[in-house]
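Here full-length UniProt numbering is used: position 11 in the sequence shown is 11, and no number is missing along the way.
Glycine included, C-beta positions come from ideal geometry on N, C-alpha and C.
A short write-up of the structure that comes next.
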Amino acid sequence: MDRGPLTEQIIRSFDNMPAQLQAGARYVLDRPRDVALLSMREQARQAGVQPATMTRLAKRLGMDGYEEVRELYAAAVREGDLGFAGKAGVQVISQKLKGDKALAADMLTSIGQQIQKLATPAGLDRLVSAARALASARRIYCLGLRSSHSIAWHLHYVLTLVGDRSVHIDGIGATGPDALARATDKDVLLVASVMPYTRMTIELAEYAVAQGIAVVAITDSEVAPLAQIAQHSVLVSTESPSFFHAMSPAFAVAEVLGAIIAGRGGDAALASLRHSDGHLAALNTHLKSRQQSKKSS
Numbered sequence: 001m002d003r004g005p006l007t008e009q010i011i012r013s014f015d016n017m018p019a020q021l022q023a024g025a026r027y028v029l030d031r032p033r034d035v036a037l038l039s040m041r042e043q044a045r046q047a048g049v050q051p052a053t054m055t056r057l058a059k060r061l062g063m064d065g066y067e068e069v070r071e072l073y074a075a076a077v078r079e080g081d082l083g084f085a086g087k088a089g090v091q092v093i094s095q096k097l098k099g100d101k102a103l104a105a106d107m108l109t110s111i112g113q114q115i116q117k118l119a120t121p122a123g124l125d126r127l128v129s130a131a132r133a134l135a136s137a138r139r140i141y142c143l144g145l146r147s148s149h150s151i152a153w154h155l156h157y158v159l160t161l162v163g164d165r166s167v168h169i170d171g172i173g174a175t176g177p178d179a180l181a182r183a184t185d186k187d188v189l190l191v192a193s194v195m196p197y198t199r200m201t202i203e204l205a206e207y208a209v210a211q212g213i214a215v216v217a218i219t220d221s222e223v224a225p226l227a228q229i230a231q232h233s234v235l236v237s238t239e240s241p242s243f244f245h246a247m248s249p250a251f252a253v254a255e256v257l258g259a260i261i262a263g264r265g266g267d268a269a270l271a272s273l274r275h276s277d278g279h280l281a282a283l284n285t286h287l288k289s290r291q292q293s294k295k296s297s
């Protein structure tokens, strides 16, 4: 949940709150899921305030007590209440209090930790299993829409350098999904999608499964729609101090998958790379170093 049901109300009244209430309010803004899931005492401990402060905050917001706040947030979690606008409000307050450099530092630190998490034994097992499934496929169909488009496209681009087995599902005039008409049970559909999940992505993945096509997913939760139907799932974190969810971990996964698949391609991949190098050189694709002219004094 990116936005809590009390986000806008908290933002409007935040500047007029005493410091202790602001500390509690920041916790509610930053951790809406935890508001629904953790006890009031645990939330107060993590916010660095007394439990009574959370009760006073609830009454300041027009509630009878903090349990009413938790019930509101629990309902929002169940209903999948999402939105970028509310998260942006949280960012505005944090940025105002801590500054631009602090926001940048928080984002970069968070991204680094999320990517490092992928290198745990469990994370590496998922990555390697997914890569091997893709490497053994006759053809790899790559699908990612909206914020996940760059994930699927990057993997597809890397794979085109080491072979001709990749198909990117992204056609003008809504024709992209037509490529799946030629897919068989010897192929694999690589799908990237994180919350908020794009409807068409999930529906195409479900269609692929119904046709006997294996699905490899890059997604954000064990209970994500894709994780429920995929043969292999690589899980990435998307939490961010920014209003927009983090996509860097998913992009890193695409890079790793591409590298493993290329390495498993052996001599055929090397031959394809040499062919790609020659083709790019013939077209003079990449800028060569140029003599820099000195500015006249």
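Of the candidates I218, S248, T184, T184 places its Cα closest to the Cα of A210.
In chain order, C142, L190, A254, L257, G258 place their CB closer than 7 Å to the CB of L155, counting only its own chain and leaving out the 5 sequence neighbours on each side.
I151 counts as buried, since at least 16 other C-beta atoms from the protein chains shown sit within 10 angstroms of its C-beta.
Taking the CA atoms as reference points, V188 sits about 37 Å from A74.
Between A131 and I218, the C-beta spacing is not below 8 Å. The Cβ atoms of L57 and A25 lie closer than 8 Å to each other. Membership of S13 in the alpha helix (DSSP H) is indicated by the continuous run 7-13.
Taking the Cα positions, L287 is about 40 Å away from R199. Between S237 and R33, the alpha-carbon positions lie close to 15 Å from each other. Secondary structure at I202: helix, using DSSP grouped into helix, strand and coil. When DSSP states are grouped into helix, strand and coil, G176 belongs to the helix group. L124 carries a helical assignment under DSSP once its states are collapsed to helix, strand and coil.
The three-state secondary structure of Y141, taken from DSSP, is strand. At a Cβ-Cβ threshold of 8 Å, R165 and R138 count as neighbours. Counting only runs of at least 4 residues, the UniProt domain "SIS" (130-264) fully encloses the following alpha helix (DSSP H) elements, listed from N- to C-terminal order: 149-161, 199-210, 225-229, 248-264. DSSP, read as helix, strand or coil, puts M63 in coil. CA-to-CA, the gap between L118 and L124 works out to about 6 Å. Counting C-beta atoms within 10 angstroms of its own C-beta, V162 has 16 or more neighbours from the protein chains shown and is therefore classed as buried. Taken atom to atom, the span from the alpha-carbon of S248 to that of L180 is near 28 Å. With respect to the C-alpha of L127, the residue from P5, A250, G48 having the closest C-alpha is A250.
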